[in-house]
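**Q**
In the working numbering, the protein residues as written are 263 to 507.
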């Protein structure tokens, strides 16, 4: 009996040191491989070879996510000179702002899609995640791999940590048992990786959200985009994937 008590006492400091994060700020580095995008088909490849020296291999931008136990907001962060602004800087997912109500399980997002703004209001997206065995460390957190799909066929790879309690992630991605700290969409040649996590309670002002543009649901947005992009041929699907992130 004394031996059991002794073992429990030895374990107490380790148990006490295990901390779960329920609020803070995450910085995500979003990286897009421009060269892979431009050389995906023969037509763009021929054009791209002429201007290749003028286009960097990667475009890098930063986004911040503030979160607590009831809500999270994802929005543009610090500026960098590694950002390549396509379409005059107004391309899809360039400056998305996403506010998630974790209690109500709803999401509101302001998106600039080419020349038009939309406020998308809907329930949190439900994805069928499949959790894998692969583990990696991201921003000093142990993360587990999970995979899913959007738009029926576009694979998504995520790494999440259950040490950060809120169920969230970059853009409108969530649904795993903890926070997503890395996300990859191979068919868009794009990754989001957490560079640091700060465990400081966000201020109310950090969650400020202003609705702008036409109000739609996620389904309504997809239907409108499909109609608008129907003459874009093989580029239509890719444009929709970017817009529904």
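Every residue gets a Cβ at the ideal spot worked out from N, C-alpha and C, and that includes glycine.
Write down every uninterrupted run of the alpha helix (DSSP H) in the region 397 to 459 whose length is 4 residues or greater and which is fully enclosed by it, in chain order.
**A** Whole alpha helix (DSSP H) segments, 4+ residues: zero.
**Q** Let me know if residue 318 comes out buried or exposed under the rule of 16 or more other beta-carbons within 10 Å of its beta-carbon.
**A** exposed
**Q** Does DSSP put residue 468 in a helix, in a strand, or in coil?
**A** Residue 468 falls in the helix class under three-state DSSP.
**Q** Roughly how many angstroms lie between the CA atoms of residue 395 and residue 446, to the nearest whole one?
**A** 17 Å
**Q** Apart from the five residues on each side of it in sequence, which residues of its chain come closer than 6 Å, Cβ to Cβ, to residue 452?
**A** 294
**Q** Say whether the region 406 to 423 touches the region 463 to 483, bearing in mind that this needs 3 or more beta-carbon pairs closer than 8 Å, one atom from each stretch.
**A** Not touching, per the Cβ criterion.
**Q** To the nearest angstrom, report how far apart residue 297 and residue 436 are at their CA atoms.
**A** 29 Å
**Q** How many angstroms separate the CA atom of residue 415 from the CA atom of residue 480?
**A** 17 Å
**Q** Ignore the nearest five residues each way along the sequence and tell me which others in residue 498's own chain have a CB closer than 7 Å to its CB.
**A** 491, 492
**Q** Mind checking residue 439: buried by the 16 CB within 10 Å criterion, or exposed?
**A** Counting C-beta atoms within 10 angstroms of its own C-beta, residue 439 has fewer than 16 neighbours from the protein chains shown and is therefore classed as exposed.
**Q** Would residue 399 be called buried (16 or more neighbouring beta carbons within 10 Å of its own) or exposed?
**A** exposed
**Q** Kindly indicate which residue of 316, 340, 311, 333 has the alpha-carbon position closest to the one of residue 323.
**A** 340
**Q** In chain order, which continuous runs of the beta strand (DSSP E) of length 3 or greater are located wholly inside the region 356 to 403?
**A** 359 to 363, 368 to 375, 378 to 385, 392 to 400
**Q** What three-state label does DSSP hand residue 337 in the structure shown?
**A** strand
**Q** For residue 351, name the three-state secondary structure that DSSP assigns.
**A** Model confidence at residue 351 stands at a pLDDT of 48, short of 50, so the residue's coordinates are unreliable and nothing is read from them.
**Q** Give me the DSSP bridge partner(s) of residue 289.
**A** According to the DSSP secondary-structure assignment, residue 289 is paired through a beta bridge with 326, 458.
**Q** Please report the residue range of the beta strand (DSSP E) in which residue 481 lies.
**A** In the DSSP annotation of this structure, residue 481 is not part of any beta strand (DSSP E); the continuous alpha helix (DSSP H) holding it starts and ends at 480 to 490.
**Q** Please report the straight-line C-alpha distance between residue 343 and residue 366, rounded to a whole angstrom.
**A** 38 Å
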